[in-house]
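Engineer: Numbering-wise, the working numbering comes out as the position in the sequence shown, counting from 1, plus 169. Using N, Cα and C, we set each Cβ at its ideal position, and we do this for glycine too. Everything numeric in this text was worked out from a predicted model, so none of it was measured. This is the structure I want to talk about, given as structure tokens.
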Amino acid sequence: ERFVVVAPFASVREPIAVVSKTRTKANRFGVTVPYVDDFDEELTWQTFLLVCQSLGCDMSRLSVVGYSMGGQAAWDLMCRHGSNLAAGVPFAACCCWKGDSWKLQDVVLNLSRVTIRSYCGKADTTYSWRDFSWIAERRGRAPYPWQRNQDHADGVSTEVFEWDWRLQLCLVNGTASCHCCWDVVFHNEESFLLFTWLEQIHCETPIQVTLDKHSALQFWGDSLPRQNTESVHVCFEKN
């Protein structure tokens with residue numbers, strides 16, 4: 170009851186999946202199918218906002234959380250829409266800096282405004298000090314973080330590197346897989362306090378664009394929440 174969770178699924182034939190034109194893999198039935206490279210970040214963003222608006226969510230408290238390929242999508246969304254997000258929590262992923270993102274002022278602004286806490290396995294290769302040093306520099310922070318160690322449930326520990334409370338990298342030790350570090354965090358809220366932390370964060374520049382009822386009905390169809398049919402909204406990317 171404390172959160173609305175929107176969980177898109179990027180598999181072959183799903184509209185938000187970016188399917189590879191060259192790579193394939195065998196699915197669980199042994200059938201060869203195209204490989205999914207990524208989430209379509211703009212379609213994911215628009216869907217996310219439509220759901221949140223139509224359910225009456227507080228648009229100043231939108232956060233994005235993802236793991237592995239979803240963690241990469243979380244970074245992509247922070248690069249493009251960080252100014253309209255309260256927080257981003259990518260697991261087991263680093264920013265890919267698409268194109269010339271390092272030089273784009275809107276990317277700098279977005280990553281300067283959003284609160285970021287990332288979890289990665291310490292022995293994994295999916296985190297980048299360069300990401301955090303660059304963001305810290307753009308925020309006017311020292312390039313070297315404070316470090317503290319925390320013990321958690323199931324024999325797991327984290328090394329927390331904190332440039333300030335709004336920019337944290339948590340390196341996870343003790344999980345069965347150094348890459349799959351998210352389950353222990355999600356399943357032990359009393360120890361990690363991730364969602365308790367997310368509840369405290371607000372965006373200072375929430376998105377305000379709305380969509381009329383007719384357009385929302387086209388999206389939702391028969392699944393439209395009836396209690397909100399007179400005030401259903403959607404937000405698209407600001408120009």
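With respect to the alpha helix (DSSP H) encompassing S281, which residues constitute its N-terminal and C-terminal limits?
Structural biologist: Taken as a continuous stretch (DSSP letters only), the alpha helix (DSSP H) holding S281 covers 274-282.
Engineer: Based on DSSP bridge pairs, tell me the residues matched to E328.
Structural biologist: Answer by DSSP bridge pairing, in chain order: N318, L340.
Engineer: Compute the beta-carbon to beta-carbon distance between F208 and P177, rounded to the nearest angstrom, for a pair I have assumed lies under 8 Å.
Structural biologist: Yes, F208 and P177 are in contact; Cβ-Cβ is about 7 Å, under 8 Å.
Engineer: Between which two residues does the beta strand (DSSP E) holding R192 run?
Structural biologist: Its beta strand (DSSP E) spans residues 186-195.
Engineer: Using a Cβ-Cβ cut-off of 8 Å (strictly less than) and excluding sequence neighbours within five positions of S346, which residues of its own chain qualify?
Structural biologist: For S346, where only same-chain residues beyond five positions count, the Cβ hits under 8 Å are G290.
Engineer: Grab me the residues of V175's own chain with a C-beta within less than 8 Å of its C-beta, minus the 5 sequence neighbours each way, in chain order.
Structural biologist: Cβ within range, chain order: T216, F217, V220, C221.
Engineer: Using C-beta distances below 6 Å, list every residue in its chain close to E328, excluding the 5 sequence neighbours before and after it, in chain order.
Structural biologist: Here the set comprises N318, L340.
Engineer: Taking only the alpha-carbon atoms, compute the straight-line gap between Q369 and L224 and give it to the nearest angstrom.
Structural biologist: Computed Cα separation, rounded: 20 Å.
Engineer: Report, in whole angstroms, the separation of the C-beta atoms of R249 and N279, which I expect to be a contact under 8 Å.
Structural biologist: Their Cβ separation, rounded to whole angstroms, is 7 Å, which keeps R249 and N279 in contact under 8 Å.
Engineer: Output needed for P312: all residues of its chain with C-beta closer than 7 Å, excluding positions within five of it in sequence on either side, in chain order.
Structural biologist: Hits under 7 Å: S302, A305, E306.
Engineer: On the CB-based measure, 16 or more other CB atoms within 10 Å of its CB, does R197 come out buried or exposed?
Structural biologist: That one is exposed.
Engineer: Consult DSSP for F208 and reduce its assignment to one of helix, strand or coil.
Structural biologist: Note: F208 maps to strand in three-state DSSP.
Engineer: Which residues in the same chain have their Cβ closer than 7 Å to the Cβ of A242, if we skip the five residues on either side of it in sequence?
Structural biologist: Taken in chain order, the residues that qualify are D207, F208, E210, T213, G235.
Engineer: Which ranges does the beta strand (DSSP E) cover as unbroken runs of at least 3 residues, wholly within the stretch 209-244, from first to last along the chain?
Structural biologist: Correct list: 232-236.
Engineer: If you draw a straight line from the alpha carbon of R282 to that of G343, how long is it in whole angstroms?
Structural biologist: So the alpha carbons of these two residues sit roughly 32 Å apart.
Engineer: Shortest alpha-carbon distance to H348 belongs to which of C263, E358, V277, P375?
Structural biologist: Cα-wise, what sits closest to H348 is C263.
Engineer: Assign V175 to one of three DSSP states: helix, strand, or coil.
Structural biologist: It is coil, neither helix nor strand.
Engineer: Provide the residue(s) that pair with S287 in DSSP beta bridges, ordered along the chain.
Structural biologist: DSSP, once it has assigned bridges, lists L338 as partnering S287.
Engineer: Which same chain residues end up closer than 8 Å to L246 when comparing Cβ atoms and leaving out the 5 residues on each side of it in sequence?
Structural biologist: Counting only Cβ-Cβ distances below 8 Å, and skipping sequence neighbours, we find E210, T213, W214, V233, L254, G257.
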